[in-house]
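Remarks on the structure that follows.
Protein chains: 2
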Amino acid sequence: MPLLVMKFGGTSVATLDRIRRAAKRVGREVANGYDVIVIVSAMAGKTNELVGWVEETSPLFDAREYDAVVSSGENVTAGLMALTLQEMDVPARSWQGWQVPLKTSPVHAAARIEEIPTHNINTKFAEGMKVAVVAGFQGVTEEGRIATLGRGGSDTTAVAFAAAFGAERCDIYTDVDGVYTTDPRISSKARKLDKIAFEEMLELASLGAKVLQTRSVELAMRYKVPLRVLSSFEEYDPNAGTLVCDEEEIMESNVVSGVAYSRDEAKVTLVSVADRPGVAAAIFGTLSDGGVNVDMIIQNISEEGRTDMTFSCPTNQVARADRAVQEAREKGLINYHDVVVDNDVCKISVVGIGMRSHTGVAAQMFDALSSEGINIKVITTSEIKISVLIDRKYLELAVQALHDAFGLEKAG
Amino acid sequence: MPLLVMKFGGTSVATLDRIRRAAKRVGREVANGYDVIVIVSAMAGKTNELVGWVEETSPLFDAREYDAVVSSGENVTAGLMALTLQEMDVPARSWQGWQVPLKTSPVHAAARIEEIPTHNINTKFAEGMKVAVVAGFQGVTEEGRIATLGRGGSDTTAVAFAAAFGAERCDIYTDVDGVYTTDPRISSKARKLDKIAFEEMLELASLGAKVLQTRSVELAMRYKVPLRVLSSFEEYDPNAGTLVCDEEEIMESNVVSGVAYSRDEAKVTLVSVADRPGVAAAIFGTLSDGGVNVDMIIQNISEEGRTDMTFSCPTNQVARADRAVQEAREKGLINYHDVVVDNDVCKISVVGIGMRSHTGVAAQMFDALSSEGINIKVITTSEIKISVLIDRKYLELAVQALHDAFGLEKAG
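Below you can see the structure in the form of structure tokens.
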């Protein structure tokens, strides 16, 4: 029997009515001849409520107890979804992480999936169960304690089940109807993509297009699990949404697939750093130890044995970065004259696997920004992505200009 | 290390503040030198919310999924209580039913406890854990599914743990400060009892004094677990509450310990039933199959081969009783001329182990009621209890008169 994994996020199961709506989609795939594994999140808002209680109880909480508390939201949805399916005469039962068992590492609140034995669930499929409803986001450690995968971990749960059970596809139902060439709130010309390559999706996800958790895309890419992102609020359509797949399955495409942005970036410059071997390692080791997620890095040309070191990070990590480098200077680990912070920048990126075989994309990008009078402050590139830091006030203008310049309103 | 079991009901853990208050009591017993097993209910209102969702989703729900959903409330409280204790530097961890594992029968939503292996929890006590916080009301079946013990099952969980671990005592924290000679809302002379025998408590519990779940008292009696009922809202006092214990531990006591009542009773008479062998079995078998909880039964003197058969049951089961006997008559299983229902009666009972060695209690009771002009409609007696049905309008009067007549305002 072919098998599908269907994952429903918090907004898709926020009420009993929405659970019923989601169950109808599951029922339709069962009628289409599939066995289905459904992965559910907690009802929207529930996990935040539980996390709030834990944090109020114990600011520096024991992550094992955090996991025991916050995992309960998914258990409720899983049971309710199984009951809803049963009401529709679809043989279903719920599974909590420890019942599967989904085995994880003992890193509570940020566990990694180690193994998903298929025996228990497959035995029930063999006995006539058509749908296994699994509580997402949670597993069990070797010690027999509940461990959660970190926020958004239900996407990762879904992909891991699809890989373990050899599912034909993993459908991620969410509150958007697919992956767009850019944020439709910023460009009215944004177009939904029918297909996108795993690599592109990874870049977009890490750039803040919050459709899928990054880890889930990495996992899907590694195990070649076709992922479909679609809305649980649209009418049923077998071709709905966006398929995230291997690039070989994408016949023809634009050189650039999408324009992404990250609004709240800061540019931090350490002025007049001694330019000698090991200094970069000292600085970025210090920042990493301080919990700062450094993104872009540039080093200016050295003058008289000193240089400026610039990096970007989220604005809410600037204070942490400042503290980290000051402490390191006091300990004599690093040396600089001053810290200059620009809190009013944003990052704009163009992404596309076509860039591997096409040249001139960077020039075309810089040209489009220059035509609008937008000054570029920092540039980084990867094989399939070019990112720039610009003044935040130009964010919308830049996204629209690049979307036009690369002709993204039309399919490739 | 001596061990205590402490159970906190829903109102005692209804908010984070109340959980903190409960945790302080636990911390004090740890400071007194005890290892403690804490049994927690769901935060007040949570279980009802979950049950509501299940019933709305699926009126004839699969009890296995019901259990998976409703058990989540206790898991949340257990984790929060463990975190609160940790914040107070008391080494604690939470245990869900399957982690203990508390093994139950597979009768979902009304499971019975089969076994509580002590190994897992005792290993952690040996490693330095001082408090095991256990989610009440739930266990796990041999098939690995969650099973709940039925409403109020956390009391039973607590007593079962006390028995399994050989606890010195089982303290049940609730929203009343002990067991009273009668309902203080009805008689201002009601007096809190320092001690009460298991048998007496059982009679009072089954008569509607809803301090403890009946099953938990039965279990405590069987395993001779001293139970203390006390309020979580009073200041700490090592002698607070009421101790429910073996009657040998009660040195001196009144002949009657308490006056209980049950307000919503109905008296049902089947008029002119054929008086032949097997007719009572047919009638009460029919009622039992129909789910009617028959309490008192009386059969009038037979005249000309026919008799009247009277029984009492809760008023909300009268319709069910009526339907059951009508159906049985249509099938020719039983025979009667008419059904006469008196919906306006209540039951008053006096309870006391002293009745075993004292005579004249019944006469004294009837005399007290007669002095107030209260007519007795039905009488039943057991070894330690006398119950009467009277008109409901006399309920308060009767309770007060009996409380006075047996001198319950003074300790014996």
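If you're matching them up, the sequences are chains A and B in order. For the first sequence, UniProt numbering puts the final residue at 412, and the numbers step up evenly by one. For the second sequence, UniProt numbering puts the final residue at 412, and the numbers step up evenly by one. A virtual CB, placed ideally from N, CA and C, is assigned to each residue, including glycine. On a predicted model such as this, the values are computed, not experimentally measured, just so you know.
- Residues of the stretch 89-116 of chain A with a C-beta atom less than 8 angstroms from some C-beta of chain B are Arg-93, Ser-94, Gln-96, Trp-98, Gln-99, listed in chain order.
- Setting aside the 5 residues that flank it on each side, Glu-114 (chain A) is surrounded in the same chain by Lys-103, Thr-104, Ser-105, each with a C-beta closer than 7 angstroms to its C-beta; the list follows chain order.
- Per DSSP, the unbroken alpha helix (DSSP H) holding Glu-87 (chain B) starts and ends at 72-87.
- Look at the beta carbons and you see the stretch 267-285 of chain B not touching the stretch 227-236 of chain B: under three pairs across the two are nearer than 8 angstroms.
- In terms of Cβ geometry, Val-38 (chain A) and Val-134 (chain A) form a close pair [threshold 9 angstroms].
- For Glu-87 (chain A), the neighbours in chain B by C-beta distance under 8 angstroms run, in chain order, Thr-57, Ser-58.
- Listed as beta-bridge partners of Met-6 (chain B) by DSSP are B:Val-38, B:Asp-171.
- In the DSSP annotation of this structure, the continuous segment of the alpha helix (DSSP H) that includes Gly-27 (chain B) starts and ends at 16-31.
- Bounds of the alpha helix (DSSP H) holding Ala-362 (chain A) are 361-371.
- If you compare the alpha carbons of A:Asp-391, A:Glu-143, A:Val-107, A:Gly-52 with that of Gly-373 (chain A), the shortest gap goes to A:Asp-391.
- The alpha-carbon separation between Asn-316 (chain A) and Ser-253 (chain A) amounts to approximately 37 angstroms.
- Within chain A, no C-beta atom comes less than 7 angstroms from the C-beta of Thr-242 (chain B); the nearest is roughly 31 angstroms away.
- In this structure the stretch 84-92 of chain A does not touch the stretch 157-172 of chain A; the number of beta carbon pairs closer than 8 angstroms is below three.
- The residue among B:Pro-2, B:Glu-127, B:Gly-45, B:Tyr-34 with its C-alpha nearest the C-alpha of Ser-12 (chain B) is B:Gly-45.
- Taking 4 residues as the minimum length, the alpha helix (DSSP H) runs contained wholly in the stretch 307-385 of chain A are 318-330, 361-371, in order along the chain.
- Excluding residues up to 5 positions away in sequence, Val-388 lie with their Cβ nearer than 6 angstroms to the Cβ of Ile-379 (chain B) in the same chain.
- Between the stretch 283-297 of chain A and the stretch 315-333 of chain A, the count of Cβ pairs shorter than 8 angstroms is three or higher; the stretches touch.
- Contact between Ser-257 (chain B) and Gly-352 (chain B) holds: CB atoms are separated by about 4 angstroms, below the 8 angstroms threshold.
- Comparing alpha-carbon positions, the option among A:Ser-58, A:Val-107, A:Trp-98, A:Pro-184 lying closest to Glu-409 (chain A) turns out to be A:Pro-184.
- Residue environment: Ala-126 (chain A) is assigned as exposed (fewer than 16 neighbouring CB atoms within 10 Å of its CB, all protein chains considered).
- Rounded to whole angstroms, Ala-328 (chain B) and Thr-214 (chain B) show a C-alpha spacing of 32 angstroms.
- Below the 8 angstroms Cβ cutoff, chain B contributes Asp-62, Glu-65, Ala-68 as neighbours of Ala-82 (chain A), in chain order.
- For Gly-139 (chain A), the three-state secondary structure derived from DSSP is strand.
- Asp-155 (chain B) carries a helical assignment under DSSP once its states are collapsed to helix, strand and coil.
- According to the DSSP secondary-structure assignment, Ala-274 (chain A) is paired through a beta bridge with A:Arg-306.
- When DSSP states are grouped into helix, strand and coil, Lys-267 (chain A) belongs to the strand group.
- With a cutoff of 9 angstroms on beta-carbon distance, Val-5 (chain B) and Phe-198 (chain B) are scored as not near each other.
- At a Cβ-Cβ threshold of 9 angstroms, Ala-132 (chain A) and Gln-138 (chain A) do not count as neighbours.
- When DSSP reads this structure, Arg-93 (chain A) sits in a beta bridge with A:Ala-132.
- Residues of chain A whose Cβ lies closer than 7 angstroms to the Cβ of Ser-72 (chain B) are, in chain order, Ser-72, Asn-75, Val-76.
- Under the three-state reduction of DSSP output, Tyr-180 (chain A) falls in the strand class.
- DSSP places Ala-63 (chain B) in the helix class (H, G or I) of the three-state scheme.
- Per the DSSP secondary-structure output, Val-229 (chain A) pairs in a beta bridge with A:Ile-172, A:Thr-242.
- Bounds of the alpha helix (DSSP H) holding Glu-396 (chain A) are 395-405.
- Look at Ser-262 (chain B) here: in three-state DSSP terms it is strand.
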